[in-house]
Amino acid sequence: MVASTSKFKYVVCDPELCIGCQLCEYICSYTKTGEFNSYRSRIRTVRVDEVLITAVACRTCENAPCVIACTRDALSQDQETGIIRIDPTKCDGCAWCIEACDFGAISINHLTKLAEFCNQCEDVEEGPQCVKICPKDALEYTTPDQRAQRTRHKLIKTSLEFPQKAKDPR
Amino acid sequence: MYGYSGKILHIDLNERKHWVEEKPEEWYKIYIGGVSMATRLCWENIEVGCDAYDPGNPICFANGIFAGTPVPVGGKYGLASKSPLTGVIGDSLSGSWFTIALKRAQWDGVVIHGASENWIHILIDDDRVEYLPADKLLGLGTHETEEKIREIFGDDQVRSATIGPAGENMVRYANVTNDGRQAGRTGHGSVWASKKIKAVSVRGTHGVTVADPDSLLKMSFDITEAAQGPHTVKYRVYGTSTNVLNANKHGFLPTNNFREGTFDFAELVSGEYLDEHHKVKVIACAQCPIACEQMSMVKTGPYAGSMTGIEYECLQAVSSNCGIGDMTAAIRMVDISDRSGMDTMSMGVSISFAMECFETGVLKKEDFKCKKYPEGFEPYFGNGEAGVTLAEMIRDKEGIGAILAEGTRIAAKLIDEEHNSETWKFAMNIKGLECPGYDARSLKTFAMGLAVGTRGGCHNRSAAYDPDIQGETNRFTVDETRGVVAARSEEYAAVYDTLPMCKFIRRCFTGKADRAGAWPSIANLINATTGWNFDYDEVDLIGVRAHTIKKAFNIREGWKPEDDDIPYRWKHDPMTKGPGAGHVVTDEELAYMKGLYYKAKGWTEDGYIPKQLLIDLGMDDVAEEIGV
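Those protein sequences? They're chains A and B, same order as listed. The first sequence maps to residues 1 to 170 in my numbering. The second sequence maps to residues 1 to 628 in my numbering.
Structure representation (structure tokens):
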């Protein structure tokens, strides 16, 4: 499994919980374009062998390979958020960034011929809309560190059999 | 027009040409989409009186009003042709990604005319139509075919509806599969094969715009949230398979080819058992926040590795109905059926029919010879390996499988001619379509609902089992209320089948599934999508019109009042065990209830439709042709 080197927050999907309903794609395309169209979604659901289901969006890699691969210097990475930004006057839709992405998280808009990236709904107050609509809470907007911490907590809870403290001491 | 493109795509395989038909908004307001619009397209385009396998029988897709929007469970389409099993309307529903791709390609409907000489794969790429050779796809299973097509195009957004090997072999109840869902019943797969269509693929790149997206999103959010609560828990946790134990308790679980209604090993083929021993993951159709499909796998034993989605109707048809108490054999049979593209319900009832032919001595061991068992085998009730082998033989049309692949109505006729027997008395079909998983001897309203059903033995079109089971009617007797109950229940179901929306959402609008609970919300969804001004009454009419066009189609194809009947067994052979023991639906009871039903529909006492009724529903041209 290829792992992202990101230290930033990004939208990640738990394949155990994802049911493949595509509601994330609807809300994403609507938020970005005003239309419902999976083709214009920046998060993509993937379904392989019927039961392997997940959704993929930009994982804000450190030293992002897409930025390095861009032959026209059209891409840059926000140092505060990790979000990949595109200069539409430079991008010519050559798709090198798509080749470079280890997660298949980039797509070319077939109308504008520009590369499109998840920008974590940075312009929407409530944050990523896909996370908000996901009916199974399969999507979350966290950093790898936050998820690692949760994994450690889960591990210790399931592997050590100490008496559980009552949830509500009253 | 919002929500629709106003365009129907016509494809003629004889000439390999296509054209566009534009429909006025008024037409959409009457036929909406799904089974209603698909049937209407079939009405407009069929050569009246043709055989189902004749090139004059069109394949009609009709998209859903909510497909491609975030409206929960609205990603469904209707598919209609004349059914090779029943000779009347074959209207089915399927859902998921395919229908959304079709919406984005901006087609409200697709009609395929004529027949091809060679096997083809039709690609609808927005407004471009291509006729691709299907040589490399032949022999592949349904799921494999889809994967192969997406691999060829390198695009996951190319979605395909396909037939499998059973379809290619023209098993009469072969079906059409897309995205793991099936337009399951009435034999669409064999109609496709008669035209040599292996697959129809769609790539749509346009966005879907609606009249009032903000309201639509708000409503969709609310319904999506409600769909995570108690109203759908049955579907999410165990799926519909949890019905097995309920049906067994109430004594209408089909057992041994509908001989009995209780099964000794029901626990072993229950949804609860499935959940504990076989469940891998629960998955959803595209656009669905519920997720009911219980993907189940056989982990050990001779059928290890079989995996497919299991639900009640399929499960009972291949397990209790065949006397089989082995879940691994049941999963294997459903897996064979799904991968080869067959209607599991008709397959299961055809297998149980063969088992009863063996049990009654009409067929002998040597009649069941095949490559796997050159000396034949003994398919007694409960023999799981026999069930699996028969499923394979039907798929391949090998030996006796070729007869069983014709469905129980034709199979019984062939066997009775050869053996001078009376197997037709236990051929469990209605109008040629095999019966669903509710033994109707102790569900009398439902028995009549099935008899008058426009597509034969189907629990999705008549929902009259619900009042019978819920105790709103006395299920063991008949009375003067039954006509209205059956008429209103099938019209209720037809609203969902026409939008189409999955019925599993029915309690999520307000908590109540009845008309008062659901219709106002559905009207709001329709209005936000289309900009129309539908109210409660308009929503109610959707179902009435849908059912009327289907009935009108059947009348024009030669329907007769005596076709509204139930199997001999339900009228003459009572069950011996369980709460349903001793009950049958007599000819007199059935005739009485049918009369009440025709009256409730406003039809003549023979079941024909008066001209004025059709005109009042806005179907003037239909009135002209079949109104009395």
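By construction, the Cβ of each residue, glycine as well, lies at the ideal position given by its N, Cα and C atoms. Remember, predicted model here, so these are calculated numbers, not experimental data.
State yes or no: is the beta carbon of residue i nearer than 9 Å to at least one beta carbon in chain B?
| i | result |
| --- | --- |
| leucine 75 of chain A | no |
| valine 51 of chain A | yes |
| leucine 23 of chain A | yes |
| isoleucine 43 of chain A | no |
| threonine 33 of chain A | yes |
| glutamate 116 of chain A | no |
| isoleucine 27 of chain A | yes |
| valine 46 of chain A | yes |
| methionine 1 of chain A | Because the pLDDT of methionine 1 of chain A is 47, which lies under 50, any placement of that residue in the model is unreliable, and the number read from its coordinates should be weighed accordingly. False, the Cβ-Cβ gap to chain B never drops below 9 Å. |
| isoleucine 108 of chain A | no |
| phenylalanine 8 of chain A | no |
Counting only beta-carbon atoms, is residue i nearer than 9 Å to chain A?
| i | result |
| --- | --- |
| arginine 507 of chain B | no |
| histidine 143 of chain B | yes |
| valine 176 of chain B | no |
| alanine 284 of chain B | yes |
| leucine 217 of chain B | yes |
| glutamate 225 of chain B | yes |
| proline 213 of chain B | yes |
| tryptophan 19 of chain B | no |
| glycine 204 of chain B | yes |
| arginine 104 of chain B | yes |
| glutamine 470 of chain B | no |
| aspartate 156 of chain B | yes |
In whole angstroms, give me the CA-to-CA distance for residue i and residue j.
| i | j | result |
| --- | --- | --- |
| threonine 481 of chain B | threonine 224 of chain B | 36 Å |
| leucine 9 of chain B | lysine 29 of chain B | 19 Å |
| serine 29 of chain A | phenylalanine 553 of chain B | 41 Å |
| aspartate 108 of chain B | arginine 47 of chain A | 26 Å |
| tyrosine 568 of chain B | phenylalanine 426 of chain B | 7 Å |
| threonine 162 of chain B | threonine 477 of chain B | 44 Å |
| isoleucine 626 of chain B | aspartate 606 of chain B | 14 Å |
| leucine 274 of chain B | glycine 251 of chain B | 21 Å |
| cysteine 42 of chain B | leucine 541 of chain B | 20 Å |
| aspartate 125 of chain B | valine 20 of chain B | 14 Å |
| isoleucine 351 of chain B | arginine 172 of chain B | 14 Å |
| tyrosine 380 of chain B | alanine 402 of chain B | 19 Å |
| threonine 5 of chain A | glutamate 62 of chain A | 5 Å |
| glutamate 624 of chain B | isoleucine 430 of chain B | 29 Å |
| phenylalanine 98 of chain B | serine 159 of chain A | 44 Å |
| proline 15 of chain A | aspartate 145 of chain A | 19 Å |
| serine 5 of chain B | aspartate 127 of chain B | 12 Å |
| lysine 577 of chain B | leucine 155 of chain A | 52 Å |
Could you have a look at residue i and say whether DSSP puts it in helix, strand or coil?
| i | result |
| --- | --- |
| lysine 154 of chain A | helix |
| glutamine 79 of chain A | coil |
| serine 241 of chain B | helix |
| histidine 113 of chain B | strand |
| tyrosine 438 of chain B | coil |
| cysteine 13 of chain A | strand |
| glutamate 26 of chain B | helix |
| tryptophan 19 of chain B | strand |
| alanine 317 of chain B | helix |
| aspartate 49 of chain A | coil |
| alanine 581 of chain B | coil |
| phenylalanine 61 of chain B | strand |
| phenylalanine 98 of chain B | helix |
| phenylalanine 36 of chain A | strand |
| asparagine 524 of chain B | helix |
| tyrosine 465 of chain B | helix |
| alanine 134 of chain B | coil |
| asparagine 429 of chain B | strand |
| threonine 604 of chain B | coil |
Among the options, which residue has its Cα nearest to the Cα of residue i?
| i | options | result |
| --- | --- | --- |
| aspartate 10 of chain A | A:Gly82, A:Thr89 and A:Val46 | First, the amino acid is wrong: residue 10 of chain A is tyrosine here, not aspartate. Residue A:Gly82 is the option with its Cα nearest to tyrosine 10 of chain A. |
| glycine 90 of chain B | B:Ile152, B:Ile59, B:Gly401 and B:Val202 | B:Ile59 |
| threonine 423 of chain B | B:Gly437, B:Ser36 and B:Leu404 | B:Leu404 |
| methionine 170 of chain B | B:Ala105, B:Glu44, B:Gly341 and B:Arg332 | B:Gly341 |
| isoleucine 72 of chain B | B:Ile120, B:Ala411 and B:Leu217 | The residue asked about is misnamed: residue 72 of chain B is proline in this sequence, not isoleucine. When each option's Cα is compared against that of proline 72 of chain B, the closest is B:Leu217. |
| lysine 594 of chain B | B:Lys611, B:Glu625 and B:Pro561 | B:Pro561 |
| threonine 31 of chain A | B:Met297, B:Thr69, B:Cys50 and B:Asn14 | B:Thr69 |
Residues in the stretch 126-160 of chain A having any Cβ partner in chain B nearer than 8 Å: Ile133, Pro135 and Lys136
Please name the residues in the stretch 72-103 of chain A whose beta-carbon is closer than 9 Å to at least one beta-carbon of chain B, in chain order. none
Report the residues of the stretch 67-94 of chain B with a CB closer than 9 Å to any CB of chain A, ordered along the chain. Gly68, Thr69, Pro70, Pro72 and Gly75
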